[in-house]
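Chains as they are written, first to last, in our numbering: chain A, 6 to 322; chain B, 73 to 573.
In structure tokens form, the structure reads like this:
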């Protein structure tokens with residue numbers, strides 16, 4: 006046995022991964038702690054799974070937290086019906102591979118009224134197909150805790166979010182009256198109908214997410230890697246033009262570009278970036294020199310300043 | 073205090089000379105690569121948000137689209153340097169922008185080539201002290217801002233005191249807006265002197281004082297030598313890059329059990345985050361409060377077979393025998409055990425408008441354990457004089473000393489020895505709100521464990537000692553009246569007696 010130092014980690018022969026650097030290790034430990042705490046304190050937790058890179062990291066951490074047991078709660082995917090096709094294929098594969106319970110919810114009202122980002126505009130569409138749908142799904146499952154992959158570095162009102170974010174029975178967030186959160190002692194006491202949103206990735210940054218995906222070899226949707234894809238340029242965004250429901254407006258043309266996505270949401274509202282990054286190394290070095298933020302490509306953040314806060318107050322994640 | 077008049081015009085004031093306390097921890101051979109958690113505090117309008125905005129701006133953490141939003145939100149309200157209002161980078165809530173103040177703690181992330189940082193920007197207003205305490209509880213270092221023109225205020229003292237109570241050992245005194253005093257060195261030293269007195273009274277050992285203009289970016293990331301040739305000390309970022317994260321704690325192995333993992337008949341593991349010391353297979357451990365003993369056989373994590381785990385590691389522990397362990401228990405080193413008992417002394421900060429009511433039964437949560445506790449306020453800190461005055465109750469924002477009385481055995485280290493197993497929050501059972509954050513200072517000794525409740529005395533004693541006491545003359549004539557209550561599986565006894573009787 007070559008390693009006898011008490012702090013040496015003996016690697017599993019199947020795993021040739023080098024140990025995580027102390028920074029990522031500290032973030033991982035914190036996230037696992039939060040997962041276990043919520044799973045122990047609440048009766049019906051659920052994990053929001055949006056199929057993006059943060060969700061992928063979140064899921065990986067959940068599997069670590071409960072190993073050797075199964076992930077002890079279901080995943081909830083609020084489907085707007087306008088996700089990238091590759092995302093849905095990826096989701097189905099992951100659910101099967103890791104033996105997960107998946108709940109998929111589409112807002113029936115939105116579906117019946119055929120609410121789309123084109124007909125209703127991004128703000129109303131998001132309100133109905135995401136916020137309202139989420140509230141319906143959480144109510145239907147009587148979930149008292151919901152994990153989300155939000156990070157405080159994403160947006161100004163996210164930076165104010167607690168790790169345990171208390172919600173009233175109608176899912177409202179009151180940013181002026183959040184519970185004090187000291188040390189890593191979380192207050193999970195709620196009344197019936199109230200709930201907590203828990204954010205294990207609060208202290209992660211975008212670069213941390215990518216470095217962790219690389220270190221842990223976490224599968225992600227291929228749309229994050231650059232490839233030649235059909236696009237249409239609209240409102241200063243490059244929109245993926247694969248879905249037949251995307252109708253070209255007068256003056257618009259479809260063309261091919263080498264692009265990738267830095268963030269994934271609904272395809273009509275998520276802009277691609279020009280990039281040659283085909284590997285994780287490429288992505289990380291691209292990110293380290295990036296001059297614009299991650300959410301620059303998200304239409305829904307730009308409706309007006311403070312719009313994320315408003316959505317969150319209404320129950321958006 | 074004015075600068076000593078010397079003929080030598082190039083005399084430099086190194087920060088280390090201004091507050092020449094010996095460093096408490098030896099310099100590390102290798103730089104600490106973990107992220108540094110810091111808090112900025114100080115009174116309203118001392119420029120905290122501007123300082124952090126400047127840190128983010130000068131470390132290139134503000135991206136172009138965010139800068140564009142900032143320019144737009146500033147409404148052309150640029151300062152005379154042509155820069156936007158940095159505070160708007162931090163104050164992200166609508167109400168904060170409307171009022172131009174920070175209401176809630178905001179966490180921000182930035183990095184240099186050498187290190188990454190998590191900064192908690194906390195409010196200056198007294199009414200939001202709870203959010204300052206929230207930020208302080210996890211910080212390694214506090215940057216205390218003082219407006220060079222105004223000097224130390226009561227809020228400066230409150231924040232320095234809370235930061236110290238929360239165990240922060242490293243302080244940076246940022247004397248901000250120094251440009252508005254014409255870079256007055258004498259003024260800088262005067263404030264240092266004043267803060268030194270406060271720091272000494274609080275027992276703070278590591279202080280670096282820096283004259284700063286957050287607005288102009290002097291001595292933040294870039295040095296301010298052009299304006300302040302008399303200052304030869306480090307910039308703020310240099311201090312932050314070299315600061316240490318929370319030091320390893322002195323007590324032995326501690327694992328508060330969060331969850332029991334039983335995926336099948338063949339596996340039973342105890343999941344939690346190591347809160348102190350280290351553990352390896354073969355170690356003997358004790359489960360508290362039951363006192364049962366077992367040996368560690370395995371440390372399980374997702375992808376590694378480990379032969380040791382240290383403080384901070386989230387692990388699953390497997391023991392060599394079937395023992396009764398559940399959430400809330402603590403698995404500890406057999407040769408270095410925490411304090412157990414029914415009565416403890418603590419300091420706490422009252423965080424809600426209703427304050428802390430004497431005799432009220434609260435929920436106390438520490439680690440993964442939640443139990444009922446009665447609080448008896450003892451004294452309250454007077455921030456002006458630094459004296460502890462007798463107090464019957466603690467209003468919002470008060471810093472107080474209290475006695476804690478439990479119904480069943482409680483397990484703690486002192487906060488000084490372990491910042492996880494010595495910390496707790498109080499939850500009001502009526503509102504479920506977190507009403508205080510507290511730190512254990514001592515266990516109350518058997519006979520010290522007396523507190524009054526109405527006109528009665530409750531003595532919390534180990535069972536054998538209680539039997540001895542009941543046999544003494546003191547109780548000879550009173551055995552019939554005294555109520556004897558056995559708690560926690562007969563290990564302890566409470567004798568409840570009439571105080572005047």
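Ideal Cβ positions, reconstructed from N, Cα and C, are used throughout, including at glycine.
Any chain A beta carbon closer than 8 Å to residue i
i, result
"residue 406 of chain B", "no"
"residue 343 of chain B", "yes"
"residue 96 of chain B", "Unreliable placement is indicated for residue 96 of chain B, whose pLDDT of 36 sits below 50; the coordinate value is still reported in the next sentence. No, because no Cβ of chain A sits closer than 8 Å to the Cβ of residue 96 of chain B."
"residue 101 of chain B", "Summary for residue 101 of chain B: the model assigns pLDDT 39, below 50, so the residue's position carries little reliability; its value from the coordinates is reported in the next sentence. Cβ-Cβ to chain A under 8 Å: no for residue 101 of chain B."
"residue 435 of chain B", "yes"
"residue 420 of chain B", "no"
"residue 521 of chain B", "Confidence in residue 521 of chain B is poor, its pLDDT being 44 and thus under 50, which makes the residue's placement unreliable; the coordinate value appears in the next sentence. Cβ-Cβ to chain A under 8 Å: no for residue 521 of chain B."
"residue 372 of chain B", "yes"
"residue 293 of chain B", "no"
"residue 194 of chain B", "no"
"residue 398 of chain B", "no"
Beta-carbon proximity of residue i to residue j, cut-off 8 Å
i, j, result
"residue 365 of chain B", "residue 404 of chain B", "no"
"residue 455 of chain B", "residue 229 of chain B", "yes"
"residue 512 of chain B", "residue 418 of chain B", "yes"
"residue 188 of chain A", "residue 495 of chain B", "yes"
"residue 383 of chain B", "residue 349 of chain B", "yes"
"residue 514 of chain B", "residue 486 of chain B", "yes"
"residue 217 of chain A", "residue 265 of chain A", "no"
"residue 281 of chain B", "residue 247 of chain B", "yes"
"residue 245 of chain A", "residue 47 of chain A", "no"
"residue 226 of chain A", "residue 269 of chain A", "yes"
"residue 188 of chain B", "residue 107 of chain B", "yes"
Collapsed DSSP secondary structure at residue i in the structure displayed
i, result
"residue 407 of chain B", "coil"
"residue 435 of chain B", "strand"
"residue 184 of chain B", "coil"
"residue 402 of chain B", "strand"
"residue 460 of chain B", "strand"
"residue 259 of chain A", "coil"
"residue 248 of chain B", "strand"
"residue 362 of chain B", "coil"
"residue 513 of chain B", "strand"
"residue 223 of chain A", "coil"
"residue 367 of chain B", "strand"
"residue 428 of chain B", "strand"
"residue 86 of chain A", "coil"
"residue 423 of chain B", "coil"
Under 9 Å from the C-beta of residue i: neighbouring residues of chain A
i, result
"residue 180 of chain B", "157, 158 and 164"
"residue 385 of chain B", "30 and 34"
"residue 232 of chain B", "In chain order: nothing, as chain A lies at least about 18 Å away."
"residue 509 of chain B", "185, 187, 188 and 190"
Interface residues of chain B facing residue i [CB-CB closer than 8 Å]
i, result
"residue 172 of chain A", "Those within 8 Å of residue 172 of chain A in chain B number zero; the least Cβ separation is about 13 Å."
"residue 42 of chain A", "330 and 440"
Closer than 8 Å to chain B by CB, residue i
i, result
"residue 119 of chain A", "no"
"residue 137 of chain A", "no"
"residue 72 of chain A", "yes"
"residue 79 of chain A", "no"
"residue 187 of chain A", "yes"
"residue 75 of chain A", "yes"
"residue 281 of chain A", "no"
"residue 202 of chain A", "no"
"residue 216 of chain A", "no"
Chain-ordered chain A contacts of residue i [CB-CB under 8 Å]
i, result
"residue 184 of chain B", "What residue 184 of chain B touches in chain A: nothing, since even the nearest Cβ is about 13 Å away."
"residue 496 of chain B", "190"
Interface partners of residue i on chain B, CB under 9 Å
i, result
"residue 235 of chain A", "Going along chain B, no residue has its Cβ under 9 Å from residue 235 of chain A, so there is no contact; the nearest lies around 25 Å."
"residue 195 of chain A", "504"
Chain A residues whose Cβ lies nearer than 7 Å to that of residue i
i, result
"residue 202 of chain B", "185"
"residue 209 of chain B", "187 and 188"
"residue 309 of chain B", "Correct list: empty, because the minimum Cβ distance to chain A is about 18 Å."
Exercise. Would you call the region 461-481 of chain B and the region 418-428 of chain B touching, i.e. three or more CB-CB distances under 8 Å?
Worked result: Counting Cβ pairs under 8 Å, three or more are found: they touch.
Exercise. So, do the region 329-343 of chain B and the region 297-317 of chain B have three or more beta carbon pairs nearer to each other than 8 Å?
Worked result: no
For this session: Taking 8 Å as the threshold, find out whether the region 282-292 of chain A comes into contact with the region 253-262 of chain A through three or more Cβ pairs.
Result: They do not touch, by the three-pair rule.
Exercise. Any contact of the region 232-252 of chain B with the region 209-223 of chain B, i.e. 3+ C-beta pairs under 8 Å?
Worked result: yes
Exercise. Can at least three beta-carbon pairs, one atom from the region 19-34 of chain A and one from the region 176-187 of chain A, be found at a separation below 8 Å?
Worked result: no
Problem set entry | Stretch-stretch touch, CB-based, cutoff 8 Å, three pairs: the region 200-212 of chain B with the region 109-121 of chain B | They touch, by the three-pair rule.
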